Amino acid sequence: MTLLKKQFLLKRIFIYLLFSTSTTILYAQNIDLGAMKGKVKDKLKDKKYISVTGGINASTTYSKSTAGGGRDPLTYLLSANASVSLWGLVNIPLSFTLTNLGKTYGYQFPTLPTRLSLHPRYKWITTHIGQFTSNHSPYAMNGVPMTGFGIDLSPKGSFKYSAYYGRLQRAVQYEPNGNRNTLPFYKRMGYGGKISYESGKRKLATSIFYGKDELTSLLLKPDSLQIYPQQNIAISNELSFPLAKSLLLTVEYGISVLTRDVRAPKYTDSSSKNWLLQTLGGKQSSNIYHAIKSQINYTIGSTSIGAGYERIDPGYQTLGSAYSNNDLRNITVNFAQALFNSKVNLSGNIGQQRDDLDGTKSGNLVRTVMAYNININPSPRITTTVTYSNFQTFTNVKPQFQYINQLTQFDNLDTLNFKQLSQSASANVNYILDTSKEKPKSFNLNFSLQDAYDQQAGKVTKGNSSQFYNFSGAYIRTNMKKGQTINAALNATYNTIGTNKIITLGPTITYNKQLFKNKVILGSSLSYNQNMSNGSVQSKVSAMRMNMGYNIKKVHNFTLNGAFMMRSGGNQQSIYDFTTTLAYSYNFAYPKQKKLSDSK
Numbered sequence: 007m008t009l010l011k012k013q014f015l016l017k018r019i020f021i022y023l024l025f026s027t028s029t030t031i032l033y034a035q036n037i038d039l040g041a042m043k044g045k046v047k048d049k050l051k052d053k054k055y056i057s058v059t060g061g062i063n064a065s066t067t068y069s070k071s072t073a074g075g076g077r078d079p080l081t082y083l084l085s086a087n088a089s090v091s092l093w094g095l096v097n098i099p100l101s102f103t104l105t106n107l108g109k110t111y112g113y114q115f116p117t118l119p120t121r122l123s124l125h126p127r128y129k130w131i132t133t134h135i136g137q138f139t140s141n142h143s144p145y146a147m148n149g150v151p152m153t154g155f156g157i158d159l160s161p162k163g164s165f166k167y168s169a170y171y172g173r174l175q176r177a178v179q180y181e182p183n184g185n186r187n188t189l190p191f192y193k194r195m196g197y198g199g200k201i202s203y204e205s206g207k208r209k210l211a212t213s214i215f216y217g218k219d220e221l222t223s224l225l226l227k228p229d230s231l232q233i234y235p236q237q238n239i240a241i242s243n244e245l246s247f248p249l250a251k252s253l254l255l256t257v258e259y260g261i262s263v264l265t266r267d268v269r270a271p272k273y274t275d276s277s278s279k280n281w282l283l284q285t286l287g288g289k290q291s292s293n294i295y296h297a298i299k300s301q302i303n304y305t306i307g308s309t310s311i312g313a314g315y316e317r318i319d320p321g322y323q324t325l326g327s328a329y330s331n332n333d334l335r336n337i338t339v340n341f342a343q344a345l346f347n348s349k350v351n352l353s354g355n356i357g358q359q360r361d362d363l364d365g366t367k368s369g370n371l372v373r374t375v376m377a378y379n380i381n382i383n384p385s386p387r388i389t390t391t392v393t394y395s396n397f398q399t400f401t402n403v404k405p406q407f408q409y410i411n412q413l414t415q416f417d418n419l420d421t422l423n424f425k426q427l428s429q430s431a432s433a434n435v436n437y438i439l440d441t442s443k444e445k446p447k448s449f450n451l452n453f454s455l456q457d458a459y460d461q462q463a464g465k466v467t468k469g470n471s472s473q474f475y476n477f478s479g480a481y482i483r484t485n486m487k488k489g490q491t492i493n494a495a496l497n498a499t500y501n502t503i504g505t506n507k508i509i510t511l512g513p514t515i516t517y518n519k520q521l522f523k524n525k526v527i528l529g530s531s532l533s534y535n536q537n538m539s540n541g542s543v544q545s546k547v548s549a550m551r552m553n554m555g556y557n558i559k560k561v562h563n564f565t566l567n568g569a570f571m572m573r574s575g576g577n578q579q580s581i582y583d584f585t586t587t588l589a590y591s592y593n594f595a596y597p598k599q600k601k602l603s604d605s606k
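Using the working numbering, the letters of the sequence shown map in sequence onto residues 7 to 606.
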């Protein structure tokens, strides 16, 4: 049997299985065409045969700065969106955007819409027309934009179905003397689907993806750029089921058969054990990659313990994924525990990741991550959260000269071993001073730190470490009767990078007021901060912000925002920045319209 016949047979088998199972579900629903016809007539008689919801947004921004720069002084943005529903059965979303932002930087203005995406829906049937994405599995189809047609079937019961067909990549012609920054691409078509069964904690799903580049889509072949027409078949299987009452196991296994060049000779090694390549009519440029991910969780009462394992072969890739992780192994352990009637909650996880699984790289990388979280609520007024995480990366470089110039096995020990470590911790305390509904008061404290350093040959070299400390405190007071809120805060940061020590400190005061039964909202804030490096003042920043909002009948909204900022310090002159934005939004909904016959 020729390769073309085998591929045609595989396509027919896939399409037959997909639509035969869909037909079975439709039959199981016992759909009465006569009853359906009556329902459609009832919908036609209903005045709500069409409904439209959406909104219009318009804004303009004026900005001026004594520092100059390439920012446009006046920009505008106009956008609109609408969702049309026909008889409550079909939904059609529409959107439009027009702006002059960036026109002075070489963008064409105005630009016409280049995308069309419709998602009509009827009961449990959803279709996708135009541009859309499907996220079925990270090992098969995973979010690559597609232009074509798709359908999702979610009938009552445990089975769900999905299928798609379309263009994954448009052709970009190869111009040897053209723009070097624009790479050529073959036109790529693809199709696939997913069938899943889910009942309680039990789940079984299969995803299939097939993609192929069209060889005739490019007049000149970009082989010199190592861009070849490819082909890919990827299958992912998911399984989740309880091993016991409190023990749940989840496993996903993926396989990808990737052909780097479809023009390569056919795979004809009859002595090889790789029967799958022979069955699928693979080429000599074809390779098979495997991926597996598993997770087991044990939950009893307020205790939860779990462990996970993931391994992805080096070079694992699918044409249905814009980006694929490969050549890695992850091992994770997690736990969670509630104590003292959930007043204290503990959780944490630890994991390790490594690459160079086949030992062919010039170096390997090992990462270790630990994270812990403690939440303490001793009383309804006090909430405390403490977190800690540790991240460690170990790199072992294996240059050839290390082995060429080595006299004994004890030479050059650890001289090229490199460690990068970082840790972070945070603590947050929120205390409610007054629990009254009329005048609530609260006080909040937050502290966080980050520490990072590099270690080579067991030593931390000077200038390869940094620490970052941040502190903030805030007092919030609200008067519900007067509709006002006052927030006073103090922020401070201390940062060390190598031999530099940087301190930033300053207060902020915010005031908000509601008028005319919350139809008008006024707000203002003042802030000041000072930045010092190694004891000398580098900059001082003063900022004043004001905002106003006006609402009419809950559908018309006007907002006006303004900000004035002054920066000074160092050897530079003072810089003034001013920005104001006027915006309007209108939300509409017309669930009731007269029938066409009534308007005649």
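Even for Gly, the Cβ is constructed at its ideal location relative to N, Cα and C. Note that the coordinates shown come from a computational prediction; the quantities given were computed from them, not determined experimentally.
Contact with chain D by ILE438, beta-carbon distance below 8 Å | This model lacks chain D altogether, as it is built from one protein chain only.
Specify the secondary structure class of GLN284 as computed by DSSP and reduced to three states.
-> Here GLN284 sits in helix by DSSP.
The segment 476-487 in contact with the segment 502-509 per 3-pair CB rule at 8 Å = Contact between the segment 476-487 and the segment 502-509 is absent, because fewer than three Cβ pairs lie under 8 Å.
Give the DSSP-derived three-state secondary structure of LEU221 in the structure shown.
-> Here LEU221 sits in helix by DSSP.
Assign ASP417 to one of two classes, buried (16 or more other C-beta atoms within 10 Å of its C-beta) or exposed (fewer than that).
-> Note that ASP417 scores a pLDDT of 47, beneath 50, so its modelled location is shaky and nothing firm can be said.
So which of ASN563, GLY357, GLU244, SER448 has the shortest CA-CA distance to ILE388?
-> For ILE388, the nearest C-alpha among the options comes from SER448.
So who's on the other strand from GLN429, going by DSSP bridges?
-> Bridge pairing for GLN429: ASN396, ASP457 [DSSP].
Can at least three beta-carbon pairs, one atom from the segment 208-215 and one from the segment 139-152, be found at a separation below 8 Å?
-> Yes: the two stretches touch, three or more of their Cβ pairs being nearer than 8 Å.
By Cβ distance below 6 Å, which residues in the same chain neighbour TYR590 in space, the five residues on each side in sequence not counted?
-> Excluding the 5 residues flanking it on each side, TYR590 has same chain C-beta neighbours closer than 6 Å at ALA64, PHE564, in chain order.
So, using beta-carbon positions, are THR324 and ASN238 closer together than 8 Å?
-> Yes, Cβ-Cβ distance for THR324 and ASN238 is below 8 Å.
For LEU249, which of helix, strand or coil comes out of DSSP?
-> Looking at LEU249 - three-state DSSP - the assignment turns out to be strand.
Pairwise C-alpha distance: THR105 and SER310 = If you take the alpha carbons of SER310 and THR105, they lie about 51 Å apart.
What whole-angstrom Cβ distance do ASN535 and THR510 have, given they're in contact under 8 Å?
-> Contact flag correct, Cβ pair sits at about 6 Å.
Note down, in chain order, each residue of its chain lying with its Cβ closer than 6 Å to the Cβ of HIS125, except the 5 sequence neighbours on either side.
-> Apart from the 5 residues on each side of it in sequence, HIS125 sits with its Cβ closer than 6 Å to the Cβ of HIS134 in its chain, given in chain order.
Hey, quick one: how far does the beta strand (DSSP E) through THR505 stretch, first residue to last?
-> Membership of THR505 in any beta strand (DSSP E) is not indicated, and neither H nor E is assigned to it by DSSP.
THR256 versus HIS142: straight-line alpha-carbon distance, rounded | Going by the C-alpha atoms only, they are around 16 Å apart.
What does a CB cutoff of less than 7 Å around TYR632 pick up in its chain, not counting 5 residues either side in sequence?
-> Lying outside 7 to 606, the shown extent of the chain, residue 632 is not represented and no answer is given.
LEU231 by DSSP, collapsed to three states: which one?
-> DSSP places LEU231 in helix when its eight states are reduced to three.
Over what stretch of residues does the beta strand (DSSP E) that includes TYR295 continue unbroken?
-> Per DSSP, the continuous beta strand (DSSP E) segment holding TYR295 begins and ends at 292-306.
Hey, would you say ASN355 sits closer than 8 Å to THR338, going by beta carbons?
-> Their beta carbons are under 8 Å apart, which means ASN355 touches THR338 by this criterion.
Apply the 10 Å Cβ neighbour rule to LEU334 and answer buried if 16 or more other Cβ atoms are within range, or exposed otherwise.
-> When all chains shown are included, LEU334 counts as buried.
Per DSSP, cross-strand counterpart(s) of GLU258 = Answer is GLU244, LYS299.
Exposed unless 16 or more other CB atoms sit within 10 angstroms - verdict on GLY196 | By the 10 Å Cβ count, GLY196 comes out buried.
Proximity below 8 Å, CB of GLN426 to CB of THR399 | Cβ distance < 8 Å, so GLN426 and THR399 count as in contact.
Under the three-state reduction of DSSP, which class applies to PRO144: helix, strand or coil?
-> Note: PRO144 maps to coil in three-state DSSP.
Since THR59 is in the beta strand (DSSP E), which residue starts that stretch and which ends it?
-> From DSSP, the beta strand (DSSP E) with THR59 extends over 56-71.
Exposed or buried, what is TYR128 when buried is set at 16 or more other beta-carbons lying within 10 Å of its beta-carbon?
-> Label assigned to TYR128: exposed.
So, is VAL263 buried or exposed, given that buried needs 16 or more other C-beta atoms within 10 angstroms?
-> So VAL263 ends up on the buried side.
If you draw a straight line from the alpha carbon of GLY555 to that of GLY512, how long is it in whole angstroms?
-> Straight-line Cα distance between these residues: approximately 28 Å.
Take ALA458 as the anchor and find which of SER471, LEU253, GLY198 has the nearest alpha-carbon.
-> The residue with the shortest Cα to Cα distance from ALA458 is SER471.
Rounded straight-line distance, which links the Cα of ASP361 to that of ALA328 = Distance between the alpha carbons of ALA328 and ASP361 is about 21 Å.
Continuous beta strand (DSSP E) stretch holding VAL150: start and end = If you look at VAL150, you'll find it isn't in any beta strand (DSSP E); DSSP assigns it neither H nor E.
Could you tell me the distance, in whole angstroms, from the CA atom of TYR500 to the CA atom of ALA569?
-> Rounded to the nearest angstrom, the two C-alpha atoms are 27 Å apart.
Other residues of its chain near GLU444: CB distance less than 8 Å, five sequence neighbours each side excluded | The answer, listed in chain order, is ASN485, MET486, LYS487.
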